[in-house]
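Numbering-wise (the UniProt record's numbering), the sequence shown opens with residue 13 and increments by one. All C-beta atoms, glycine included, are put in the ideal place defined by N, C-alpha and C. Below is one structure; the comments refer to it alone.
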Amino acid sequence: RFFMNVHYFSPGPASLPEAVRKQIKEELLDTFGIGVSVMEISHRSKQYEQLNEETHALARKVFQVPNTHSVLFSCCGAQQHFSIIPQHLSKPGEEIAYTDTGIWAHLACEEVFAMPRKINLVYDGRNCDYVSLGNPSKWDIPKNSKYVHLTVNNTVYGTEYAKIPTFGDIPIVLDMTSSLAGRTDIPWESTALVYASAQKNFGIAGVSVVIIRNDLLEKSREITKANYLGKALSYHAIFDTKSALNTPPVFPIFAMNRMLKWIDHSGGTPTMEKWSLEKAKLIYSEIDAGLYIGRTDKDCRSRHNFVFKLPKEEQDNHFIAEAAKHNLLEIKGYRSVGGIRASMYNGVSVESASVFAEFMRDYRKKFG
Ligand code: PLP
């Protein structure tokens with residue numbers, strides 16, 4: 013990206029590292045050395061089967077998945093999983109627990125509220141306009157709940173659990189669309205299922221990853237029947253066919269492969285986490301130094317999406333316009349939230365974060 017000096021802070025689809033963009037371009041037309049591109053090759057060919065197998069192995073390694081859990085790739089986005097997950101982990105009439113911590117968490121809640129389940133909303137962030145994630149140790153989770161659904165990083169409002177909470181025997185289900193491959197502390201022993209679409213931290217849009225506890229995957233064969241869920245939406249059927257039940261999204265899986273390789277070669281998720289914390293420190297130091305107003309409580313600040321505003325709305329627009337002059341792009345806040353949001357996933361370098369932090373400092377001196 014340095015050839016144009018562009019720093020792109022999109023919330024997703026998000027920046028890919030320059031090395032990955034270059035590699036994909038170079039390999040695009042003759043991906044396997046047989047004069048055929050990855051977009052054309054049969055998903056039953058040995059070349060694709062090898063790519064698929066390798067990508068599953070890389071996903072296990074990069075996401076640090078223990079043997080207790082299975083990994084599969086889905087052609088759905090994260091949103092489809094909002095309604096598919098409850099149909100794997102609960103039957104009609106059973107209890108499940110949900111948390112409303114932002115736009116995406118709220119949409120996940122809406123999907124289950126339309127289902128014949130007993131839903132316990134154990135945290136409602138609307139009461140504080142989503143600036144806080146509350147105190148999970150105080151949440152009252154009914155004992156019979158099959159699982160508790162958590163959105164680990166709230167992409168729109170810029171909140172993220174400093175520590176992923178657990179609730180004894182009741183397992184958690186984690187939407188990690190904007191945090192998988194960005195943090196190393198997934199409490200696997202307490203985790204029923206993790207899901208994430210690829211376009212933020214580890215690939216491009218068109219594929220998502222589901223990681224499910226082995227025994228729950230087995231149990232889901234019965235449960236999905238009770239829910240009349242179609243085969244092509246059932247995780248066990250996708251798993252049984254090595255994520256190739258449908259013709260798979262071959263190009264997004266290829267891009268994910270190259271991105272996962274890059275993460276692995278860079279030191280894996282521990283390095284991504286370290287870099288995320290460095291980027292967060294750079295930006296929050298500037299937010300705390302004056303002029304800027306951070307949107308969230310400090311104890312639940314996102315490591316991936318930095319949301320703030322200036323004292324007046326017209327200053328937000330001025331800040332965005334000035335940033336664009338320095339090739340600092342795509343930082344307008346979410347349409348219903350306003351202000352500024354700079355998103356820095358794995359593809360955004362610490363150098364880009366420091367260029368943005370320096371801009372914030374200069375802007376404060378000049379216009380503050
Ligand atoms: N969950 C979270 C936390 C997100 O940030 C997003 C998108 O930004 C989604 C879910 C929806 O993802 P998708 O567009 O892949 O359906």
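Looking at residue j and residue i, is the spacing between their C-beta atoms short of 9 angstroms?
| i | j | result |
| --- | --- | --- |
| Gly-242 | Asn-358 | no |
| Tyr-173 | Leu-192 | no |
| Thr-170 | Asn-317 | Correcting the residue identity first, residue 170 is Gly in this sequence and not Thr. Their beta carbons are under 9 angstroms apart, which means Gly-170 touches Asn-317 by this criterion. |
| Ala-204 | Gln-211 | no |
| Ala-109 | Ile-53 | no |
| Val-164 | Ser-190 | yes |
| Ala-335 | Tyr-304 | no |
| Tyr-159 | Pro-177 | no |
| Leu-63 | Asn-258 | no |
| Leu-84 | Val-222 | yes |
| Ser-209 | Gly-89 | yes |
| Glu-123 | Pro-104 | no |
| Thr-196 | Glu-285 | yes |
| Lys-162 | Val-185 | One point to set straight first is that residue 162 is Leu, not Lys, in the sequence displayed. Cβ atoms of Leu-162 and Val-185: closer than 9 angstroms. |
| Asn-213 | Ala-26 | yes |
| Gly-380 | Gly-279 | no |
| Ser-22 | Val-168 | no |
| Gly-351 | Lys-378 | no |
| His-19 | Val-362 | no |
| Val-319 | His-338 | no |
| Thr-308 | Phe-75 | no |
| Ser-288 | Met-372 | no |
| Gly-68 | Ser-255 | The displayed chain sequence assigns His, not Gly, to residue 68. It is a contact, given that the beta carbons lie within the stated cut-off. |
| Ser-220 | Cys-121 | no |
| Leu-28 | Ala-267 | yes |
I'd like to know whether the C-beta of residue i is nearer than 9 angstroms to at least one C-beta of chain B.
| i | result |
| --- | --- |
| Val-164 | Protein chain content of the structure displayed is limited to a single chain, and chain B is not contained in it. |
Is residue i close to the ligand NAP? I mean its beta-carbon at under 8 angstroms from any heavy atom of the ligand.
| i | result |
| --- | --- |
| His-19 | Among the ligands in the structure shown, the ligand NAP does not appear; only the ligand PLP can be found there. |
* What are the uninterrupted segments assigned as alpha helix (DSSP H) that are 4 or more residues long and contained completely in the region 25-88, given in chain order? -> For the region 25-88, whole alpha helix (DSSP H) runs of length 4 or above, ordered along the chain, are 30-39 and 58-74.
* Asked: Are there three or more Cβ pairs, one per stretch, closer than 8 angstroms when the region 280-299 is compared with the region 138-158?
  -> With a cut-off of 8 angstroms, the region 138-158 and the region 280-299 do not count as touching, because too few Cβ pairs lie within range.
* Residues proximal to the ligand PLP by C-beta, any heavy atom closer than 6 angstroms -> Spelled out in chain order, the answer is Gly-24, Gly-89, Ala-90, Gln-91, Trp-116, Thr-163, Thr-167, Asp-187, Thr-189, Ser-190 and Ser-209.
* Is it a yes or a no for the region 85-94 touching the region 321-329, going by three-plus beta-carbon pairs under 8 angstroms? -> Output reads no: the region 321-329 does not touch the region 85-94.
* To do: Output the residue ranges of the beta strand (DSSP E) runs that lie fully inside the region 119-169 and measure 3 residues or longer, sorted by chain position.
  => Runs of the beta strand (DSSP E) inside the region 119-169: 130-136 and 160-163.
* **the region 126-144 in contact with the region 64-80 per 3-pair CB rule at 8 angstroms** => No, the region 126-144 does not touch the region 64-80.
* **Sequence ranges, alpha helix (DSSP H) only - wholly within the region 166-239, length at least 4** => Fully enclosed alpha helix (DSSP H) runs of 4 or longer: 226-238.
* Mind the definition here: the region 264-274 touches the region 330-348 only if three or more C-beta pairs lie below 8 angstroms; say whether that holds. => Output reads no: the region 330-348 does not touch the region 264-274.
* May I have a chain-ordered list of the beta strand (DSSP E) segments no shorter than 3 residues that lie completely inside the region 311-348? => Segments of the beta strand (DSSP E) lying fully in the region 311-348: 317-321.
* Does the pairing of the region 243-261 with the region 32-50 give three or more beta-carbon distances under 8 angstroms? -> These segments do not touch.
* Asked: Does the region 57-72 come close enough to the region 224-239 to have 3 or more Cβ pairs within less than 8 angstroms?
  -> The answer is no - the region 224-239 does not touch the region 57-72, with fewer than three Cβ pairs under 8 angstroms.
* Asked: For the region 249-304, which segments carrying the alpha helix (DSSP H) assignment without a break, of at least 4 residues, lie completely within its bounds, in sequence order?
  -> The qualifying runs are 262-277 and 280-300.
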